[in-house]
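First residue of the sequence shown: 8, per the numbering used here; consecutive thereafter. Report on the structure given below.
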Amino acid sequence: EDVIGKKSADAKVYYALSEGKSNITLKRKSTGETKTIEVTSVRPEATSFENVKSSEGIAMNVGKITTFTAALKPVEALQVFKVTSSDESVMRVYNTDGTWYGEALKAGSVTIPFSTENGTPEKTIDITVTEAPVEAPKYVGTWVSGSNTLVLEGNGNGTWNGTPFTFSYDAS
Numbered sequence: 008e009d010v011i012g013k014k015s016a017d018a019k020v021y022y023a024l025s026e027g028k029s030n031i032t033l034k035r036k037s038t039g040e041t042k043t044i045e046v047t048s049v050r051p052e053a054t055s056f057e058n059v060k061s062s063e064g065i066a067m068n069v070g071k072i073t074t075f076t077a078a079l080k081p082v083e084a085l086q087v088f089k090v091t092s093s094d095e096s097v098m099r100v101y102n103t104d105g106t107w108y109g110e111a112l113k114a115g116s117v118t119i120p121f122s123t124e125n126g127t128p129e130k131t132i133d134i135t136v137t138e139a140p141v142e143a144p145k146y147v148g149t150w151v152s153g154s155n156t157l158v159l160e161g162n163g164n165g166t167w168n169g170t171p172f173t174f175s176y177d178a179s
């Protein structure tokens, strides 16, 4: 793989195409004298994060999984970063095949720091995890049988032929 090269065939300027070492031979037109020099190309260190995001935003329900993304600046820097969680009991953070995920485990607040492999720079996202809303039970509604009417509401209130009562249910 070429480390140094032109961006196009007719370009007059050479660029670093990848990391590594390469030899460049220079030739003086007037004398034909040549000199070969070794050039080392390295990626610049990342100086900042841009577009740090959670695919679920900054508010999530327990049980949801989010994908974390970010871009490092300068763009030539190696685009490798790590993500951690300030509280793994609220959100578990893990990496699968180079993609960072967060799984909301319980209600609470968590800070998600993004950093490069050497620890700097750092950018954070604060995420609030809430309990998932409970769906109304399937038996909520109104039933009429002859002159009897039963009404069950999702909030635990009901009426039997106009007489109020409260009830509870086991959602499991």
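Backbone N, C-alpha and C define an ideal beta-carbon position, used for all residues, glycine too. Computed from a predicted structure; not experimentally measured.
- Within the model, the alpha-carbon separation for residue 40 versus residue 106 is close to 52 Å.
- Take residue 138, set aside five residues on each side of it, and the residues of its chain with a beta-carbon closer than 6 Å to its own are 69 and 114, in chain order.
- Its Cα nearest to that of residue 151, the residue 166 stands out among 161, 141, 25 and 166.
- Between residue 122 and the set 77, 81 and 149, the nearest pair of CA atoms involves 77.
- By the C-beta criterion, the stretch 18-32 is judged not to be in contact with the stretch 88-106, since fewer than 3 inter-stretch pairs fall below 8 Å.
- Secondary structure at residue 99: strand, using DSSP grouped into helix, strand and coil.
- Bridge partners of residue 137 according to DSSP: 68.
- When only Cα atoms are considered, residue 119 and residue 128 end up about 14 Å apart.
- Residue pairing for residue 148: DSSP places it in a beta bridge opposite 159.
- Here DSSP, grouped into helix, strand and coil, assigns residue 90 to strand.
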